Amino acid sequence: MSKSLNRRRFLSAAATGLVAQRLMSGAPAQAQSSWAGLVQSVIAEGQRFEASLVVEAARMLSRRPMVPLTATDLPEGYATLPYDQYVGIRAQPGGLIWAGENRGFTIEPTHRGYVFSAPVSLFTIEDDMVRRVAFDRGKFDYGRVNPPPAGVDLQFSGFRVATGLERPFEVAIFQGATFFRSLARGQNFGALARALILRPGETRGEEIPFFRAYWIERPSPASGVLIIHGLLDSESVTGAVRMTLRPGDLTFIDVEMTLFARANLDHVGFGCTMGTFFAGPQSRRTFDDVRPSIHELSGVQMQSGTGEWIYRPLSNPTNLQVSSFQDSNPRGFGLVQRERDPNAFIDDDQRFELRPSVWMEPLGEWGQGSVQLIEIPTESEQNDNIIAYWRPRQPIAAGSETTVAYRQAWCWQPPDRPALAVATRSRQGRGSQGRRRRFIVDFTGERLNDAGLIAATRAVVTATPGAVHNLRVWPFPERRTMRVAFEVDPGNENLSELRLVLDAGGQAVSETWLNRWTW
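According to the working numbering, the sequence shown is numbered sequentially starting from 1.
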């Protein structure tokens with residue numbers, strides 16, 4: 001069953017709220033109406049909708065300086081609402097869009113307040129015509145919060161999507177900057193996606209794009225598909241984003257973006273996912289908890305352009321770590337949760353074993369670039385400290401138009417999986433002497449119960465820099481598992497890049513396991 005947006009999710013958006021506050025301070029009221037007037041001139045309410053109109057609006061917007069966000073219309077105290085009070089504001093049944101129409105989807109507009117103070121305009125596309133979703137305080141239950149004054153149009157902060165007829169469940173949330181999240185049937189909300197990420201982890205500061213407006217197409221009954229259009233804006237770029245949502249046991253979101261650069265974009269990221277890794281058997285930096293593991297994501301998985309399958313377990317490092325996996329035309333990548341045993345977490349509240357993996361499949365050729373992994377030290381499990389995305393090698397030039405598309409799967413495991421043994425558990429701890437560290441990796445696969453294959457298989461381990469010692473392999477054919485243990489001595493170095501693969505006669509039997517260890 002899906003869970004409501006929890007406190008950690010809101011905290012992960014706090015940075016967006018702070019940026020919005022900086023942008024909003026001192027912004028004149030007419031600034032908001034100026035960009036809205038531009039959009040209205042291209043996509044007028046009551047006119048026939050075409051997706052190309054959102055692209056045209058983004059193109060026109062890019063020819064003007066960015067209009068700052070403005071939240072001066074928020075009632076007093078709404079921007080500083082405590083979390084517990086904000087989550088009590090929910091739409092009434094009469095405020096749900098398409099409720100009772102048996103279309104397979106309902107939309108719940110989300111109120112502004114807390115860190116979600118920036119205004120977002122919502123439109124529906126019904127019978128091919130544009131219809132504005134008007135704010136009406138009478139359609140919200142305010143819980144313990146005083147309702148805003150009558151007659152004020154606050155717009156919205158985003159929206160939630162529910163699917164299903166007899167037993168609807170919440171399947172997606174679009175709220176804050178370009179954040180959105182989804183899940184597969186039976187899962188809990190976990191990782192966050194971002195439509196676009198700019199300059200993450202840089203000392204000059206991250207630039208955070210945001211959606212100004214959404215147009216949501218009314219679905220045909222029994223189609224099982226919801227199409228969402230978004231107008232993206234930022235200091236350096238504008239864009240039109242089309243997202244096609246197909247929920248189910250495996251939920252797909254196809255993302256198509258057309259970007260218009262106002263300035264040179266030398267650090268841009270596509271297919272971005274964020275999530276939490278606090279502690280696990282492979283990373284227990286400062287950990288004193290009754291739970292053996294605390295993470296909603298366990299690793300980054302990739303299939304390179306050459307077809308090699310790679311897995312890198314996540315860590316909660318002592319210092320900020322940025323890893324770059326160079327590639328050309330990647331076939332897929334994503335942040336995954338491989339641990340599905342509840343006994344690995346012993347957390348009946350968070351249920352980390354039910355969090356989704358998020359897999360990106362590029363549509364078309366993406367050229368040269370790298371999968372970037374950012375691991376941020378954290379002392380709290382409430383922080384989204386893991387970021388992964390594709391960074392193209394070639395900067396996007398000012399004044400240019402760029403298109404990119406990918407298929408995103410919110411899943412139990414990626415739909416594309418190697419016909420190889422995969423790393424199911426990774427552990428590390430103190431070695432036998434000196435500065436050595438001991439690593440244990442379990443590989444599991446259908447072929448690992450084959451006696452002939454087991455006899456021919458060896459573990460190939462490298463450490464750069466460093467020396468590998470005490471390499472041992474234990475087969476467990478009854479569990480279709482092979483365990484590899486080894487120690488790494490870094491000498492006088494403080495960092496070592498590790499690589500491990502099972503090999504039989506020159507052929508890979510497993511995916512490639514990578515790790516970085518810092519002393």
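Ideal Cβ placement from N, Cα and C applies to all residues, glycine included.
Note that the structure is predicted; figures quoted are calculated from it, not measured.
Report, in whole angstroms, the separation of the C-beta atoms of P200 and I374, which I expect to be a contact under 8 Å. Translated into the one-based positions of the sequence shown, residue 200 becomes position 200. Translated into the one-based positions of the sequence shown, residue 374 becomes position 374. About 6 Å separates the two Cβ atoms, so the contact holds.
On the premise that E493 lies in contact with S432, defined as a C-beta separation below 8 Å, what is that separation, rounded to the nearest angstrom? Along the sequence shown, read from residue 1 onward, the residue named residue 432 stands at position 432. Along the sequence shown, read from residue 1 onward, the residue named residue 493 stands at position 493. Incorrect: roughly 19 Å between the Cβ atoms, too far for contact.
7 Å CB neighbourhood of M360 in its chain, flanking five on each side removed: Position 360 of the sequence shown, counted from the start, is the residue given in the question as residue 360. Closer than 7 Å at the Cβ level, and outside the excluded window around M360, lie G271, G332, F333, G334, Y406 and Q408.
Using 10 angstroms around the beta-carbon of A150, count the other beta-carbons present and answer buried if the total reaches 16, otherwise exposed. Indexing the sequence shown from 1 puts residue 150 at position 150. Exposed.
According to the neighbour-count rule (16 or more other Cβ atoms, all chains shown, within 10 Å of its Cβ), is N319 buried or exposed? Stepping through the sequence shown from its first residue, residue 319 is reached at position 319. Exposed, since its Cβ has fewer than 16 Cβ neighbours within 10 Å.
Chain-order list of residues whose beta-carbon lies under 7 Å from that of L165 (same chain, five-residue window excluded): Position 165 of the sequence shown holds residue 165. Within the same chain, L165 has close Cβ partners N102 and G104.
Drop a sphere of 10 angstroms on the beta-carbon of T403, count the other beta-carbons inside from all chains shown, and report buried for 16 or more, exposed for fewer. Translated into the one-based positions of the sequence shown, residue 403 becomes position 403. T403 comes out exposed.
Give the secondary structure of L500 by DSSP, where H, G and I count as helix, E and B as strand, and everything else as coil. Reading the sequence shown from its first residue, position 500 is the one you call residue 500. L500: strand per DSSP, three-state reduction.
Can you tell me the Cα-Cα spacing of L500 and R483, whole angstroms? Locating residue 500 in the sequence shown gives position 500, counting from the first residue. Locating residue 483 in the sequence shown gives position 483, counting from the first residue. Those two C-alpha atoms are separated by around 12 Å.
Proximity to S510 [Cα-Cα], best of A421, L122 and V468: On the sequence shown, position 510 is the one that residue 510 refers to. Closest by alpha carbon: A421.
Contact check, F252 vs A118, beta carbons under 8 Å: Translated into positions along the sequence shown, residue 252 becomes position 252. Translated into positions along the sequence shown, residue 118 becomes position 118. No, Cβ-Cβ distance for F252 and A118 is not below 8 Å.
Answer with buried or exposed for A44, where buried requires no fewer than 16 other C-beta atoms within 10 angstroms of its C-beta. Residue numbering aside, residue 44 sits at position 44 when the sequence shown is read from its first letter. Exposed is the call here.
If the criterion is Cβ atoms closer than 8 Å, does the pair E497 and T518 meet it? For the purposes of this step, residue 497 is identified with residue 497 of the sequence shown, where counting begins at 1. For the purposes of this step, residue 518 is identified with residue 518 of the sequence shown, where counting begins at 1. The answer is no: Cβ separation not under 8 Å.
Do the stretch 441 to 453 and the stretch 283 to 299 make contact, defined as three or more Cβ pairs closer than 8 Å? no
Can you tell me where the alpha helix (DSSP H) with A455 in it begins and where it stops? On the sequence shown, residue 455 is found 455 positions in, with the first residue counted as 1. Start and end: A451 to A456.
Just how far apart, CA to CA, sit V241 and E308? Mapped onto the sequence shown, residue 241 falls at position 241. Mapped onto the sequence shown, residue 308 falls at position 308. Those two C-alpha atoms are separated by around 31 Å.
Backbone secondary structure at T378 - three-state DSSP: Within the sequence shown, the letter at position 378 stands for residue 378. Note: T378 maps to coil in three-state DSSP.
3-residue-minimum beta strand (DSSP E) runs that sit fully inside the stretch 248 to 306, ordered along the chain: 251 to 261, 268 to 275, 277 to 279 and 299 to 303
Between R338 and G299, which are expected to be in contact by the criterion C-beta below 8 Å, what is the C-beta distance as a whole number of angstroms? Position 338 of the sequence shown, counted from the start, is the residue given in the question as residue 338. Position 299 of the sequence shown, counted from the start, is the residue given in the question as residue 299. Indeed they touch by this definition, with Cβ atoms about 6 Å apart.
D233 - containing alpha helix (DSSP H), residue span: Sequence index remark: in the sequence shown, residue 233 carries index 233 (1-based). Note, D233: premise wrong, no alpha helix (DSSP H); beta strand (DSSP E) at L226 to D233.
Return the chain-ordered list of same chain residues with a C-beta closer than 8 Å to the C-beta of Q187, the five sequence neighbours on each side being excluded. The residue you call residue 187 lines up with position 187 of the sequence shown. Within the same chain, Q187 has close Cβ partners S2, L354, R355, P356, W410 and W412.
With which residues is R438 paired in a DSSP beta bridge? Counting from one through the sequence shown, the residue named residue 438 turns up at place 438. DSSP output for R438 lists G429 and E487 as bridge partner(s).
Determine which residues share a DSSP beta bridge with A421 and list them. Mapped onto the sequence shown, residue 421 falls at position 421. Answer by DSSP bridge pairing, in chain order: S510.
Between I173 and V133, which are expected to be in contact by the criterion C-beta below 8 Å, what is the C-beta distance as a whole number of angstroms? Mapped onto the sequence shown, residue 173 falls at position 173. Mapped onto the sequence shown, residue 133 falls at position 133. About 16 Å separates the two Cβ atoms, so there is no contact after all.
When you compare only the Cα positions, how much space is there between L395 and Q92? For the purposes of this step, residue 395 is taken as the residue at position 395 of the sequence shown. For the purposes of this step, residue 92 is taken as the residue at position 92 of the sequence shown. Note that residue 395 corresponds to Pro in the displayed sequence, not to Leu. Rounded to the nearest angstrom, the two C-alpha atoms are 46 Å apart.
With a CB to CB cut of under 6 Å and the five nearest residues on each side skipped, what residues in its chain are close to R212? On the sequence shown, position 212 is the one that residue 212 refers to. The answer, listed in chain order, is L231 and D233.
So is D489 buried or exposed if we call it buried at 16+ other beta carbons inside 10 Å? Position 489 of the sequence shown, counted from the start, is the residue given in the question as residue 489. Classification for D489: buried.
Can you give the Cα-Cα distance for A455 and G269, rounded to whole angstroms? Here residue 455 refers to the residue found at position 455 when the sequence shown is read from its first residue. Here residue 269 refers to the residue found at position 269 when the sequence shown is read from its first residue. If you take the alpha carbons of A455 and G269, they lie about 44 Å apart.
Cutting at 7 Å between CB atoms, please list the residues of its own chain near G505, excluding the five before and the five after it. The sequence position of residue 505 within the sequence shown is 505, counting from 1. Once the five neighbours on either side are set aside, the close Cβ partners of G505 are A456.
Who are the Cβ neighbours of A397 in its own chain at under 7 Å, not counting the five residues just before and after it? Here residue 397 refers to the residue found at position 397 of the sequence shown. Answer for A397: A261 and N264, listed in chain order.
If you run the structure through DSSP and keep just helix, strand and coil, what is T80? Position 80 of the sequence shown, counted from the start, is the residue given in the question as residue 80. Of the three classes helix, strand and coil, the one that applies to T80 here is helix, per DSSP.
Three-state class that DSSP yields for E446 in the structure shown: Position 446 of the sequence shown, counted from the first residue, corresponds to residue 446. Reduced to three states, the DSSP call for E446 is helix.
Beta-carbon separation (whole angstroms), S328 vs G367, contact threshold 8 Å: Taking the first residue of the sequence shown as position 1, residue 328 is located at position 328. Taking the first residue of the sequence shown as position 1, residue 367 is located at position 367. Indeed, because the Cβ distance is near 7 Å, the residues count as touching under 8 Å.
Using a beta-carbon distance below 8 Å, is H267 in contact with chain C? You won't find chain C in this structure, because it holds only one protein chain.
Pick helix, strand or coil for M66, following the three-state DSSP scheme. Here the question's residue 66 lines up with position 66 in the sequence shown. If DSSP states are grouped into helix, strand and coil, M66 belongs with coil.
Every unbroken beta strand (DSSP E) inside the stretch 314 to 372 [3 residues or more]: 321 to 328, 332 to 336 and 357 to 362
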